[in-house]
Each structure stands twice: as structure tokens, then as C-alpha cells.
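Read through the structure below, which is laid out as C-alpha cells, and then see the notes.
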């Protein structure tokens, strides 16, 4: 709440400046088609409107979803061809170049995903208010249209905090090249996408500190399409704590992990940590996450610990192999997830993907083969092979 | 129905004129950002497209909703931070400057709110067809983004007829300055927002006569942001009658007041009256409504009468106080609602609000404190204090 | 699947061409209002964005829906006034003039109707991927805003395959004027609009061959608004086969015909044929469809056959009658539907419509009178008269 009020007072300080602005003299507008779609920009850059659509087509066999339990392996056999995502994205700024807005609507499911206002006046201190993907995990934060694999790893279901409603401050502090940091600190209702009220008085608190080791903020992108001339790396540590009725979050809002169903308001205290790395150089890209999640059931007085990590790398191999086609990237990922460290159950995923970038991430064809393995607590094992093709087009 | 057919014949009269129009010669277009958002206007003004988004963020404690019954006082304690409204507004005209269209979509709840066509060829006779907020009560008709307080009064739940589907004629008759009137007369299905069929053959009939006392139609606006140099006032009398299964209406469509649940088709005949005033001068603004509503239950053969009124005033005090900040308005409201005049139950609301207009109603920060009091029919009393902060941004 | 992969390889062949394209030099854009709404087009025509809204208002008495069974005749009496359709249509092309996209959203029901990408590089070979109205029946394929009558015939409910998700190739083969054909061949999941997974491994296969008798592809349009100077005709034969849990499809997705409820996955094999004709000349237009549909219930081992046809004609009579108003069309339709050829039940519809084209199909007022007749298998008969008025406006 203090944070919330600080936002307000910040705005009030800016108020008279804004109020006295004149928007009456209106020179010609610029129309453009850029990386974020169609643009209308006023000549003085006080106003910007961007409109972009995105369609993602997917074919998957034997089925599309990641297996979660032993019983999911091998039995479900319904090949999917579907429009997996159909998005309308509208963003820009109004009144001032630093007063930004953005909203994103999923047309297929009629869900409002993002809606946020960003006051980005200084590099080192910005404020965001609304609903968006919390910057807790790299793979979730990267847009589904800009992924290196067809979709996120098996870790995502258990560890993402997904979209939340709240307020956040963030910025970049770059001192000497060695002391270059990005920070994020936010307060959220902690009840997930699309909720209107908090379940109790407990909020979600989130922080992330990212060290830009070599002096460049890599942002939330995958694949080194810009072919970095120098090696660039970041290391980030994130933490989040929340008390609510939910044990996981997704685009559908709050939900439940296997074994933690139908929570009462405030039943679950969740504490999570994530250590993240990313690296790019000359067409090669690397990223990893290492997760720990603690679920404290306040009614049963029990604590469960979840752990997991993934390692992912991709290469635009034409950088070193002459005959390799320029638009083709090869990428691999290994994920390891333990749903309960007190038991021996382990899920593994190993994936190989090929991306053909017709026009960067905006027009991309991906093929992916994944091998899933499970070892249950009573030493049973099972595996499954999955093949997916995906076309992602922004326009 | 007669009304409906008169609309049709009117259009047919206009038909050949429209048909012969040429849209082939197409001079350059004007792009603009105006009070209704981004605009594309053809040089001959035959075509206009406007796109505007609006986000409303709200924090409320101890909770956001107005108390309705004795039991609502003091027990519910779930502070809300939420995106209260997320709107997409598209309007303009096509083929002719007087053939206007408008639709508004609530992105958060995926509801189509307004969709209407307006034939506004003459000042004194216009036709509207579609779905919109009936012009019955001033506070409901004023856009949620242009309110003087954080939201509408405790009267709104019981007395608004909200959005309806139908046909309406309206216009302004200004004779001598003293005989200056606006009128509205409409026929609606009377089943609320989003319905596809009438429940029975009974329709809703609505009329409003507004006397522009000083010769200016103040419109449905609040706060005197244009700092009127002369005092301006209006007085309006509205009436509406409807027979349906519902006893109240809201953005969610037809609903029920406490004690009138689950109506059969045509069970309730509702008769309503509203006497409205508004006044502005030099940064000061006033408005009031005085309501009477009769619910006749055709099955139980019983009649219930509801009464209520509110008084509301605001002042941009920099007009008389030197040190007062220019963008700051102070506003107060007192509301009094009796859900059944046969009993002694009375609900009261007294609110104090401060608005900081960064950019008029399009970028506005509001803080509000409200005191609610209830006296039940058996002379029990309860009260509650509520605090709300709201940021409303159009872009 | 082979088809699907052929699409992919096709795209890969085009890839390097696309990739090397430069979109950096950006000359002025053209803004326009055309037959598909507002347009933004880049000077080199690499990018096009179109936005169009459409509202359709309808009044119907004694009610709006077509009677289906004997009991529907005469008993339901709820006159409807409603916004029948409220559409947002966005289309254009991106990166290349031949890489087209289109999506259409129903705002009133919050449904994503169309979303498709079309690769239309050559006249004789095009590829479409996504969700759209399969080109199986003429009357369904024609946009609801461009119909000659107020709505489709009584055949539509039983025989349309409506919107499906899948992949299709199509094109035009025009040899000598006599050997001028259009073809369509598609594979779909066969589970209707908005589904995410197939119910089983059986797909829907569709083909259509259209002979452009006189050398012009008439397209999916009704009414001869362009006043053809020479007579033009097409004949088309379509066939579709599908196995799923459904026996009919509509905008709401998969559904059931009377007597075929609650299917299991893969319970029904459906085989359908349609022989279609269309003809236009000097303001006169003709179209017809002749349908046969076979429903094979794999669980009950029973087969049901449905048959039906309609004949429809319209005339802009000012072409031969001097005093006839130019924007006025008169149109008639006769439909005959037998839900089960093993029984004697027959439904008939005879309709007379008048269309006033303010601005072609984009601003059109229609009035229609329909007579429905039913003869049941035990020789009972019933009839019903219906009157409808509709205003359809695109902007």
C-alpha cells in the first residue's frame, strides 16, 4: 500500500507539467509498420498507437500437453491441429512519450491478458500498474511468439507465477561497467489473471535483481537474431512470496498442482526462488533457470518442496557452417522437475527444435521433438515421444 | 413498432440521395488525437473512425461495493485492488457526416456494452437504434470515466434502467431563449443488456424532457472543466415504464432487488420518475436527482414504492483561492435511499472526493471517503467508512 | 497430414526470398475507405491493414427462428428486436502482398469466428490455414451481411458444415473459355468452430469443383449489383465426409439434429453432397443448391438420409421497369427439406423479400415475408407466417 501511494504522489509531482502541455498544434502523423505492427505516431511523438495481431497454428502428435503424472504417459492419443493463440495487441503512449499503455486480448478464449500503464520517465525509476506477466521466470516472460522451442518447459506449469494484478517499480542502475544492474520490486493481489478481489488481506511480494555482467541488459528475448559481436551475459535472482487459495497460476488464473486441490482463502503460503542465467554471442544463445518452491499448507500444517531446472541453447549455425541456411536455428533443452523432494518422483524432458525465421520471430516455423521420462516414487518408469510443428505469424 | 417503422420510412426518404453519392474521389486523410482518441477522417468528412482505450484502476478498503442490507455493514473485509474497467471504444461516421456509429466493448469481462447507429441530420430530430444507456438518470448516463466522484451513488443500483436495446427519437427545440428544450422518446425491449429476445410482448417506454433554462444544453458531463463565464442550468423530468421479469438492471443485464427474486416473464410492472437538475458556473458544478419507483408484482398483486435522492456539488477552487492548485477539484455528495416507503429502512451515503485532473477526465486521479449509515425498520443502526483511490486513463 | 506438410515445405521454399526482403525504406502510406472498410496501405503495398465493423439490427414477428418440428409451429410468440450481429473484421496482408490474414470477431457473443492466413501467390495454387466457413454451400459461405434474403434458408441448419479448422488448397484453372474451373480441397479437424482438440483420429475431408461455364468466377456473392452486361453462370459440385460426435455445425460449434443427441467421439460418419448453380445477368440473379446428407450411426448401425433443395432469384427491376426505384431489389426463395427420406415428413419455406440498397450490401434495409409449411409422417399439417425487417450497416 505504501508503494501504491508512492506511485500516486509521484504522479502528482508530475501533474502540473502534464497539465500545461499543449496538444493543440498538430503536425502530420507518421504511419509505419515496425516490429510491433502498424504504428500511428504524431510528429511531436506525444501520441503513439500500435496495433498488431498474431496467430499461432500448431500440430501436435500424439497430443499437445506435457505429461504431468504417470498415468498421462502413453494413454491419451488425440492429435491436435489448432489455432493455439490468436492475439490482439494494442500499445503506445499518450500525452507524453513516457506515459505508455499496453493491452493484449486473447481472441480465441476472449480473455484480457495484459493491461498496464507504464510511467517510464527515467531509466533508473519506472512505475507499472495493471496486470502483466510478473518478471519472475525468463521462459514465461518471453512472449509465446518469441520462444526458441515450440513452447515452455515442463517447469513452467509448477513454477510460473504468471500474470498478476498490482504495482511495480523497476529500472536500471548502471554504475561502472561491472556494477550494472536491473531491478524489479512489485506488490500484487496474488490471485492471478482476471480476478476482481483479493481472497484475504495477504498480498504477493516480488523482487528481482539482475546483474548485467558485461554491461548489456539482454531483456526477455530468446535466439540471438541480432548476432552479437561481443559476448553478453546476465545473472538474475528472483524471489516471490504469496498467500492465497492457489498453488499454481496460468493464463486461466489461479489453479492447483496435483495433490493441492480446492484451497480455502489464504490456505497456502508459497515461497519461491529462481536463479537465472542468459548468454548470447554471434548467433549462439543460452539460458537457464534453477527453481525452488515451498508450499506451506496452513490448514494441514505441512510443507512440500518442489525443485527443478532447465538448460537451453540455440545456434544460428550459418555463423560457422558455410552451407547452413541463414534463417535456420537449431536449439536444444533439457528440463528436470521433482514435484516433491520428499519423494523420488522425477520428470525429465529433452527437446530438439529447428526454427526457420522467415522474418525473425514475427514469421517463424518451428519443428520440435521431445522425449519425456518419468520415474515414480516406487521406481516405476515410463516415457513418451512427442512431435510438434508450429507456425507463428505476427501482422 | 410504429416508431420503428417511422425510422425506416425516414431512411427510405434519404435513400436515393445516399445512393448517388460518390466515394471515388479520395483526397488525403487527416489523422489526429482528440478528446475521443485517435482519429482518421477523410478530407471531405464523409468518413471518420475513432479508436480509444480506457483503463480504470481502483483501490478500495475495507471493500469496494456499497452496502445494501444491514448485514453488509462492517463484516466483509477484503480490500480490492483491481482493473475496474478496461474499455475499447470505436466510433465515427460513414458515408455521411450524420450517419454515426459507436460501439464499446468491456475487455475485462468480454461484454459488448454499446452498439448503436445514430442518424443525426437535423438538430431537432434524430434517430438512434441499437443498445445504449437510456438517458433516464444523469449519473448513470455520464461515462464512468467522466464522473465527479469515484463511482455512482447508492441510488444507482435501485433506480437506473441501465442499457437497453431499442429505438429512440431525440432532438433540441430552441425557440426563444426561455423556450429551449431537449427531448428523448424511446421504445426498448426492456430486458437489459445483451438479451436476444423479449420475455413477453410488453415493451419499455421512456420519455425525457429537459428544459435548458439559460439556453445551453449542458449535456451529460460532470465537473465544470470549461469554467463557464455565465451561469447555466437545466431541469429535466424523465419517466419510464416497463413490464418484464426483472426489478433492476445493471451492466450485467437484468437482475433483482433484495426481496424480488427470480421473476417469471412479465411478473413485474415497473413505473419510475426522475426529477433532475444541473448547474455550472465558473468552476462550480451542481447536480441532483429525485427518484420514485413503483414495483407492481402481478403475481402477488402487491405494490412496493422506493424513493431516493442525491445532491452533488464540486468546485475547482483555484477560481477563488489563489494558492489552490489548478488541476484540483473538491466534490461532495449526499444520498438518501428508502428501499420500501412502507417500512422505515433508510440508507444514507455522504462522500467527499478530491480529483486531480492531469488532462481533464482523460487522465484523472481521484480519492474518496464515504460514510454509509443504515437505519432498519426495527430501528437498528450501523455505519461504515470506506476509502477509495482511482486512476482513470484514456488513450 | 501429407497436405499439411506440403504446405510447410512450400513455405520453406519461399523462405529465403522473404528473408532477404527489406522493409526499411518506408515511403508514405495510403489511407482509404473501401468496400472492406478503413484501409492503411504502405506505398510499396507490402503492408495492408483493414478494419471494418458491422451491425445488423433485426425485428421479427411472431418470432425469429425457423420452425424445425411440428411443435414449433404457431406456439412460440415472442417478437424479437435485437442486434443480431455485431462484427469486427480485421484483414490485410503483411511482408508480401500475397501473404494475407483475416480475422473476424463476434462482439455480441464474444466469439472468434474467422482466423486464417492465406498464401495467395499464384492464381492456380493457393493455401489457406486456420478457421473459416468451408466452401461447401453457397448460402452459408456468403457473408450474413451480403445476403439476398434476411437470412439463410431452412436447409442451412441441417446441411451446412459451417466453420472448421484446417488446411486447404484452392485455385483457378482457366484453360480455354469452356475449360475454366475453380477447385478447393481441404482437410479439417471436423469438430467445428472454437475447438482445441480433435475428438478422435478421424478428420473431415472436403472437395469442391466449380465450372465457370461462361469464363467468370462469380464468387460467393448474391444480388447482381454490378449489373452484368453478359450472362454469367457457374455450376459446382461439393462433397464432404467427416466422422465425429456431431450431426450438425453452426456458429456455436458442433451440435445435434433432432433425434441425434449427445454423440460419443466418432459415433457419426457423415457423407454429404451439394450441387450448386448460380447465374447473373443485367440485374437478375439466380442461385440454387441441391443437397443429400447421410448420417451413419456407428453405434446403432443405422443410416439416415436427409434431402433438400432451394431455388432463389432476385431482380433489380429498374433495369426493365422505368418507374422502379434504382436501389430496390425484389427476391424470392423456395426451400424444400426432408429430414428423413424413410419417412414422409416435409418442411417447406416460401419467402418474398425486398432489399433497399442505400450503399450496396454495406448499408441495406431488407423486409421479408415467409410462409412455412410442414407435413409430418402421419400426415398432420401446420403452417406459420413470419415477417422480418433488417438493417445491415458496415462502417
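Chains as they are written, first to last, in this note's numbering: chain A, 146 to 540; chain B, 146 to 540; chain C, 146 to 540.
From the three backbone atoms N, C-alpha and C, an ideal C-beta is built for every residue, glycine too.
State the start and end residues of the unbroken beta strand (DSSP E) segment that holds residue i.
{"i": "residue 249 of chain B", "result": "244-251"}
{"i": "residue 391 of chain C", "result": "First-last for residue 391 of chain C: undefined, no H or E at that position."}
{"i": "residue 430 of chain C", "result": "429-442"}
{"i": "residue 178 of chain A", "result": "174-179"}
{"i": "residue 270 of chain C", "result": "270-278"}
{"i": "residue 235 of chain B", "result": "225-238"}
Could you check the C-alpha separation between residue i and residue j for me, to the nearest Å?
{"i": "residue 509 of chain C", "j": "residue 427 of chain B", "result": "48 Å"}
{"i": "residue 369 of chain C", "j": "residue 484 of chain C", "result": "32 Å"}
{"i": "residue 259 of chain C", "j": "residue 270 of chain C", "result": "21 Å"}
{"i": "residue 248 of chain C", "j": "residue 234 of chain A", "result": "14 Å"}
{"i": "residue 335 of chain A", "j": "residue 349 of chain A", "result": "5 Å"}
{"i": "residue 325 of chain A", "j": "residue 304 of chain A", "result": "27 Å"}
{"i": "residue 407 of chain A", "j": "residue 242 of chain B", "result": "56 Å"}
{"i": "residue 405 of chain B", "j": "residue 217 of chain A", "result": "49 Å"}
{"i": "residue 486 of chain A", "j": "residue 499 of chain B", "result": "54 Å"}
{"i": "residue 367 of chain A", "j": "residue 298 of chain A", "result": "14 Å"}
{"i": "residue 153 of chain A", "j": "residue 329 of chain A", "result": "Only weak support exists for where residue 153 of chain A lies, its pLDDT of 47 falling under 50; the value from the coordinates is given anyway. So the two alpha carbons sit approximately 18 Å from each other."}
{"i": "residue 531 of chain B", "j": "residue 215 of chain B", "result": "16 Å"}
{"i": "residue 302 of chain C", "j": "residue 198 of chain A", "result": "32 Å"}
{"i": "residue 452 of chain C", "j": "residue 256 of chain C", "result": "31 Å"}
{"i": "residue 287 of chain A", "j": "residue 379 of chain A", "result": "15 Å"}
{"i": "residue 186 of chain A", "j": "residue 175 of chain A", "result": "5 Å"}
{"i": "residue 343 of chain C", "j": "residue 224 of chain A", "result": "7 Å"}
{"i": "residue 377 of chain A", "j": "residue 361 of chain A", "result": "7 Å"}
{"i": "residue 169 of chain A", "j": "residue 460 of chain B", "result": "With a pLDDT of only 41 at residue 169 of chain A, under 50, the local geometry of the prediction cannot be trusted, and no value is derived from it."}
{"i": "residue 177 of chain C", "j": "residue 275 of chain C", "result": "28 Å"}
{"i": "residue 384 of chain C", "j": "residue 250 of chain C", "result": "28 Å"}
{"i": "residue 454 of chain B", "j": "residue 402 of chain B", "result": "18 Å"}
Nearest CA to the CA of residue i: which residue from the options?
{"i": "residue 504 of chain C", "options": "C:187, C:179 and C:194", "result": "C:179"}
{"i": "residue 300 of chain B", "options": "B:479, B:337, B:499 and B:533", "result": "B:479"}
{"i": "residue 458 of chain C", "options": "C:432, C:473 and C:303", "result": "C:432"}
{"i": "residue 219 of chain A", "options": "A:206, A:330 and A:336", "result": "A:206"}
{"i": "residue 495 of chain B", "options": "B:444, B:456 and B:286", "result": "B:456"}
{"i": "residue 208 of chain C", "options": "C:273, C:529, C:540 and C:537", "result": "C:529"}
{"i": "residue 374 of chain B", "options": "B:474, B:359, B:244 and B:497", "result": "B:359"}
{"i": "residue 272 of chain A", "options": "A:440, A:295, A:420 and A:246", "result": "A:246"}
{"i": "residue 488 of chain C", "options": "C:364, C:395, C:524 and C:536", "result": "C:524"}
{"i": "residue 232 of chain B", "options": "B:196, B:244 and B:222", "result": "B:196"}
Round the Cβ separation of residue i and residue j to the nearest angstrom and send it over; I've been treating them as touching at under 8 Å.
{"i": "residue 281 of chain B", "j": "residue 388 of chain B", "result": "About 16 Å separates the two Cβ atoms, so there is no contact after all."}
{"i": "residue 438 of chain A", "j": "residue 415 of chain A", "result": "7 Å"}
{"i": "residue 535 of chain B", "j": "residue 526 of chain B", "result": "Actually they are not in contact, since the Cβ atoms of residue 535 of chain B and residue 526 of chain B sit about 29 Å apart, beyond 8 Å."}
{"i": "residue 295 of chain B", "j": "residue 513 of chain B", "result": "4 Å"}
Do residue j and residue i come within 9 Å of each other at the CB atom, strictly closer than that value?
{"i": "residue 279 of chain A", "j": "residue 312 of chain A", "result": "no"}
{"i": "residue 517 of chain A", "j": "residue 211 of chain A", "result": "yes"}
{"i": "residue 200 of chain B", "j": "residue 184 of chain B", "result": "no"}
{"i": "residue 539 of chain C", "j": "residue 239 of chain B", "result": "yes"}
{"i": "residue 261 of chain A", "j": "residue 227 of chain A", "result": "no"}
{"i": "residue 381 of chain B", "j": "residue 422 of chain B", "result": "yes"}
{"i": "residue 443 of chain A", "j": "residue 482 of chain A", "result": "no"}
{"i": "residue 386 of chain C", "j": "residue 355 of chain C", "result": "no"}
{"i": "residue 338 of chain B", "j": "residue 411 of chain B", "result": "no"}
{"i": "residue 308 of chain A", "j": "residue 396 of chain A", "result": "yes"}
Got a sec, what are the start and stop residues for the alpha helix (DSSP H) residue i sits in?
{"i": "residue 303 of chain B", "result": "301-304"}
{"i": "residue 414 of chain B", "result": "Where residue 414 of chain B is concerned, there is no enclosing alpha helix (DSSP H), although the beta strand (DSSP E) it sits in stretches over 413-426."}
{"i": "residue 284 of chain B", "result": "283-286"}
Quick one: which residues of the region 241-266 of chain A get their C-beta closer than 8 Å to a C-beta of chain F? List them in chain order. Protein chains in the displayed structure are A, B and C, and chain F is not among them.
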